[in-house]
Amino acid sequence: MHDRGYEKLFSNLEIFQQLVTTFVTESWVKEVDFSTCELLKDAFVSKEYKASFSDLIYKIKRRDQDIYVVVLLEFKSAPYRFVALQILGYLVDFYRQFIDSDEKVSKLPPVFAIL
17 MHDRGYEKLF SNLEIFQQLV TTFVTESWVK EVDFSTCELL KDAFVSKEYK
67 ASFSDLIYKI KRRDQDIYVV VLLEFKSAPY RFVALQILGY LVDFYRQFID
117 SDEKVSKLPP VFAIL
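Position 31, counted from 1, in the sequence shown is what this note's numbering calls 47; the numbers after and before it change by one each time, with no gaps.
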């Protein structure tokens with residue numbers, strides 16, 4: 017299965033919920049209201065990272081706060097030693113675009129990246 021196949025698979029809200037509840041063992045998962053789960057239409061991957069990543073971003077309520085779960089899909093023919101740096105760059109781009117999209121932003125939302 018290629019990037020687009022996985023992207024289509026994880027675009028399904030039920031499958032996304034199963035992914036998070038099955039593989040993420042952090043306590044915050046129990047506080048998430050999956051009925052508020054929204055797949056954002058506009059991805060935040062910049063041109064620089066578009067060649068490396070395909071992304072899906074979900075906005076979900078946790079208590080009274082929006083959190084973002086980013087599913088980064090990457091397929092490489094060989095291991096890359098600095099993938100953590102690529103993810104950091106992606107998250108910085110996400111936060112910059114998030115700030116630019118709303119002048120009233122007073123703090124950055126939590127983001128949980130799944131690679």
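We put the beta carbon where it would ideally sit given N, CA and C, even for glycine.
9 Å Cβ cutoff met for residue i and residue j
i, j, result
"Val87", "Phe32", "yes"
"Arg79", "Glu47", "yes"
"Leu101", "Leu89", "no"
"Glu54", "Tyr22", "no"
Residues that residue i bridges to, as DSSP identifies them
i, result
"Leu88", "Asp71"
"Val127", "Tyr84"
"Lys77", "Asp49, Asp82"
"Leu55", "Tyr74"
Alpha-carbon spacing of residue i relative to residue j, whole angstroms
i, j, result
"Tyr96", "Lys120", "38 Å"
"Asn28", "Phe50", "13 Å"
"Gln81", "Ser122", "13 Å"
"Thr38", "Val127", "18 Å"
"Pro125", "Tyr111", "9 Å"
"Leu35", "Ile130", "10 Å"
"Thr52", "Ile83", "11 Å"
"Ser93", "Leu56", "29 Å"
"Glu30", "Lys77", "16 Å"
"Phe114", "Phe91", "26 Å"
"Asp116", "Phe26", "27 Å"
"Val45", "Ile103", "21 Å"
Burial state of residue i, where buried means 16 or more other Cβ atoms lie within 10 Å
i, result
"Val108", "exposed"
"Asp118", "exposed"
"Met17", "In this prediction, Met17 scores a pLDDT of 49, lower than 50, which makes its location untrustworthy; no coordinate-derived value is stated."
"Val85", "buried"
"Lys24", "exposed"
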